[in-house]
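Order-wise, the sequence lines are chains X and R.
According to the numbering used here, the stretch in the first sequence is residues -15 to 587, in order.
According to the numbering used here, the stretch in the second sequence is residues 322 to 697, in order.
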Amino acid sequence: MIQEDSPAAVQRRLPLLAALIILFIVILLTRLWYLQAVKGQYYQDQAENNRIRPVKIRAPRGIIYDRRGRPIVENVLTFDISLVEEDSPDLDATIKKLSSIVKVDQDSILKLLEDASNIRTKYEPVKIREEAPWDEVTVVESHQDDLPGAIIEPEHRRHYPYAGLASHQLGYIGKVTQAQLKQKQGDFGLLIGQGGLEKIYDKLLRGTTGRRMIQVNASGRKVKDLGIEEPKPGTDIFLTIDLDVQQAAEEALGSRAGSVVAMDPNTGEILVMVSHPNYDPNLFPRGITPKDWIRLTNDPTHPLYNRAIQSVYPPGSTFKIIVTLAGLESGVIKLDDKVACKGFIKSGRHTFRCWKKGGHGPVSLHQAIVESCDVYFYTMAERIGFDRIAQYAVKLGLSNLTGIQLPDEKPGLIPTSAWKEKKTGERWYPGDTYINAIGQGFVLVSPIQACRMISAVANGGHLYRPVLLKQTRDRETRTVKTFSPDRPEETHLDAAALEEVRRGLAGVVAEPGGTGHAVQTPIATVAGKTGTAQVIAQKVPGKKLSESTQDHAWFIAYAPVENPKIAVAVLIEHGGHGGAAAAPVARRVIEEYLRNAEQKVVR
Amino acid sequence: MLSRRLFGNLPWGMVGLVLTIALIGLAAVYSATYTARGPSHLYYKQLIWISVGVIVMFLALIPDYHTVGRYAYILYALSLVLLVLVMVIGRTGMGAQRWLAIGSFAFQPSELAKLSITLALARYFAEDPKQGGYGIKDLAVPGVMVLIPLLLVLKQPDLGTALMLLLTSSLIVMLAGIQLRSVIIVLVAGATIVSLVLFVPPVKHKIWGSLKPYQQNRIRAFIDPSSDPLGRGYHANQSKIAVGSGQITGKGIRKGTQSQMAFLPERHTDFIFAVIAEETGLIGAGILVLLYLTLLLVGVDTARNAKDRLGVFMAGGIVSMISLYVFINIGMAVGIVPVVGVPLPLVSYGGTSTITTFLALGLLLNIQTRRFELFY
């Protein structure tokens, strides 16, 4: 009798375990013998003839539409000629033959293969000739047997039919870089958003790559389809931009460097966003050539720069809106108080001039806004104090990022006495108050900030976050998701003060002596403010100054006055006088938008 | 103590056997992951894993295995914590959440869990002997002990490992001795639960509906590989072609057309045996299988010579575990077992799996070495 707690009680069952193990091994050995010895030749043939491999099927990227459903970025089907190294027994011969057909020399082909070699996996095709012309495609297709390993790959290629239109906003796509490959942001050869909205909404637009299992013959050509995993196309997106108005704005700005931003003051939806000079995003999808890249980055006019959000300028007289609000709210400015403008004001040894040589004579607030009297605002700003003015500027979103979904926005600058002391070690002089009050000196504002500010004036003090995405649409389910505006930041500005500003701005356009007559249009009433910002470069001695001596021209406006539907900011670098250069551009934008404003979005 | 006597008693033959298998595995990983630019970094990583594993194996010799037995429940509890942790903060790989990131390394708690459950069961059965086999009530505690980690692993979802946990613990229970009546009850209960989940609409809806689509796909593909023609069914078929085309002598290292192609994404892990069979043929594959046989029978012998119940159960449990992994993995590569994705012990690429296996074998050696010692 074996005791139950002795090991022997368990050990007598060990032969069972041993038997099981032996059974396992015998089964495996028998199976191995069957597969390898009995059926070996059969599987050998299978291995040799049945070459099966997965081929990626790229998903078409989502289409980008304007707010009325017109495509502004689309896809076109093109054909690429690629090479699968492993399928070519004599690679040199294939490369030689290939280079005689396609317009790529042998060294370039070798370089392409070399570059791809440490990031691709085996049997992954390397693109030799992208967007190959039809005759090359047909020759490669008909010379299959002489070109083992060369294949034709269909590809949905991004196409920007309006070339440079809104290029900074739309962005561009490019091949996954090696760094992005490491971070698993995509697989070898995938084209992903590398700039602008293409990058910001890449996850939506991209879709999911599918797979096809194909059986290929000895030279790597498809013999049979074995199965398919359909790609999931990217989601379409609808922007808030209006194509017609955008085109009108681009046209009106023409070859001048500058920016136009227009938004719906009631929602923050961006209707127009132009930055000139622009670039052609069609250069990027197949990999921009080094020559083009150097040309773009070294261009002294900085075409890659998105001036609407990345460039900041002195706001010029448009800043008087802020001074007015600060003055009215703080009670310093009384509507009937008049300031006598003699054409200049003296502060110590310095003289500060009004833009009108002989002076405006005695001016009230309304007249000062309409005629943009500098002396009036010098005087009032001194009484208000610039730090208080700065508070109102910040309240209206200046010196803060607007939060628009685009990369690398710049905040601009609203100076205060503390800021100046810290930055320069000097105290704030009365002269600083004067020049900053008319939007010169340290104050810097981006076009989108200016547009957002004038929107808030138009809508009664609500500061909306500018948005570019209106809705998305799933390509397969047709499900539409619409994005409503964020709750605006409230400025809590006094309604009466805002009303007074708006009366002034309407006067700028409509009243005799107003500086903004050029924006007048028969289809709606407009309110606006001109700005002419002196170029700092003027003061730099020893530099050769040509066109850059000209002032920057600003015009910010909204329309219709009674029920604002659009707010616009126009900035033209070295454009000269705001009323003469920028106001006509604003008029084009307002006219184009209001003419079609009643039309609904097409789904 | 790591005395001279201990080293003298060390079965060097068994150590040699383990190292031979591990080196065959390393060569296979080298071949399977070789790139146009030379050996892949995975090869060097596996080299490190094996080195660490060997050290771990010898370290496992130092404490008396009774000391290990004393810590079995703590190790078990730790595994549970890690499994819960992986659910909360784990890294997702290939649709399942089964990795914990430690620095730049990925740690797979389910691999540690398989060993700690074996040890915990060994201690439980060693301390609770039953005359005439275990009845159904006696199995309640060990049943729960297995069920908790099993459900956690299932949730990842890692059906393969869950299945292995179930099979390994069943073998240990068999070793412990179980009444025939209990076997029948367990089988009937299991069948009832499975059919409830699969066929009764409200239950099925509740459980099935709570799964994410990708989880449903994995389970569907597990039950019916042809529902996933580009996935498991495809792998199984390609693996069979690889093994068969190796014929008697194989195609030579790095010459396997199937293995060197990109068709098997898991050729250095789950399908490593297909690479060996293709490149070294029936001779190489046969030798590897026989090496496993020898190692496992030496393991059974260790259990036979153990001086107490704990030793028997620990050795028996470890042998059961390894033999099941070997059988299921190779069975998968030769197309007689569904593709479940479990590693081949000592051979498949993978840090946690390699080190855990070495740890288990170290314990086996430990028991073997102390077979002459008296503990009372």
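The beta-carbon is built from N, C-alpha and C at its ideal position, and this holds for glycine as well.
Here the structure is a predicted model, which is why all the values come from computation and not from measurement.
Contact check, residue i vs residue j, beta carbons under 8 Å
i, j, result
"Asn443/X", "Pro548/X", "yes"
"Gly573/R", "Gln20/X", "no"
"Leu1/X", "Val494/R", "no"
"Tyr418/X", "Phe336/X", "yes"
"Gln(-5)/X", "Val336/R", "no"
"Glu58/X", "Pro145/X", "yes"
"Gly155/X", "Gly170/X", "no"
"Lys81/X", "Asp130/X", "yes"
"Pro55/X", "Ser151/X", "no"
"Ile112/X", "Val68/X", "no"
Chain X within 8 Å of residue i, Cβ atoms only
i, result
"Val465/R", "no"
"Leu618/R", "yes"
"Tyr697/R", "In this predicted model, Tyr697/R has a pLDDT of only 43, less than 50, meaning its place in the structure is not dependable; the value taken from the coordinates is given anyway. Output row for Tyr697/R: interface = no."
"Ser644/R", "yes"
"Pro384/R", "no"
"Gln579/R", "yes"
"Phe648/R", "yes"
"Gly456/R", "no"
"Val610/R", "yes"
"Ile469/R", "no"
"Met415/R", "With a pLDDT of only 49 at Met415/R, under 50, the local geometry of the prediction cannot be trusted, and no value is derived from it."
Min CB distance residue i to chain R below 8 Å
i, result
"Ile93/X", "no"
"Leu174/X", "no"
"Met197/X", "yes"
"Val(-6)/X", "yes"
"Ile65/X", "no"
"Phe8/X", "yes"
"Arg(-3)/X", "yes"
"Gln169/X", "no"
"Pro568/X", "no"
"Arg15/X", "yes"
"Ala236/X", "no"
"Gly133/X", "no"
"Ala521/X", "Only weak support is given to the placement of Ala521/X: the predicted model assigns it a pLDDT of 40, under 50, and the question is left unresolved by the model."
Bridge partner(s) assigned by DSSP for residue i
i, result
"Gly512/X", "Ala541/X"
"Ser331/X", "His334/X"
"Asn59/X", "Arg142/X"
"Ala134/X", "Leu67/X"
"Asp220/X", "Arg457/X"
"Glu473/X", "Leu447/X"
"Lys465/X", "Thr456/X"
"Ser243/X", "Ser259/X, Leu555/X"
"Thr192/X", "Lys216/X"
"His589/R", "Answer is none; His589/R lacks a bridge partner."
"Tyr413/X", "In DSSP, Tyr413/X forms no bridge with anything."
Residue span of the alpha helix (DSSP H) that contains residue i, given as start and end
i, result
"Val322/X", "Residue identity check: residue 322/X is Lys in the sequence provided, not Val. Run containing Lys322/X: none; DSSP gives neither H nor E here."
"Gln(-5)/X", "-8 to -5"
"Gln230/X", "227 to 237"
"Pro274/X", "274 to 282"
"Arg692/R", "Unbroken run through Arg692/R: none, as it is neither H nor E."
"Tyr185/X", "Element bounds for Tyr185/X: n/a, residue is neither H nor E."
"Gln389/X", "Run containing Gln389/X: none; DSSP gives neither H nor E here."
"Thr505/X", "It is not in any alpha helix (DSSP H) - Thr505/X carries neither H nor E in the DSSP assignment."
"Phe8/X", "-2 to 16"
"Thr489/R", "480 to 497"
Terminal residues of the beta strand (DSSP E) in which residue i lies
i, result
"Lys206/X", "206 to 213"
"Gly177/X", "175 to 179"
"Pro346/X", "345 to 347"
"Gly158/X", "156 to 159"
"Lys111/X", "110 to 113"
Contact test: residue i Cβ vs the ligand GTP heavy atom, cutoff 7 Å
i, result
"Asp478/X", "As presented, the structure is devoid of all ligands, the ligand GTP included, so that no description of it is given."
Could you tell me whether the segment 318 to 327 of chain X touches the segment 536 to 550 of chain X, where touching means 3 or more Cβ pairs closer than 8 Å?
By the Cβ criterion, the segment 318 to 327 of chain X is not in contact with the segment 536 to 550 of chain X, since fewer than three pairs of Cβ atoms, one from each stretch, lie closer than 8 Å.
Measuring CB atoms only, is the segment 451 to 462 of chain X touching the segment 214 to 222 of chain X, in the sense that at least three cross pairs come out at less than 8 Å?
Yes, the segment 451 to 462 of chain X touches the segment 214 to 222 of chain X.
Does the segment 351 to 360 of chain X come into contact with the segment 385 to 399 of chain X, if we say contact requires no fewer than three beta-carbon pairs (one atom in each stretch) closer than 8 Å?
Contact between the segment 351 to 360 of chain X and the segment 385 to 399 of chain X is absent, with fewer than three C-beta pairs closer than 8 Å.
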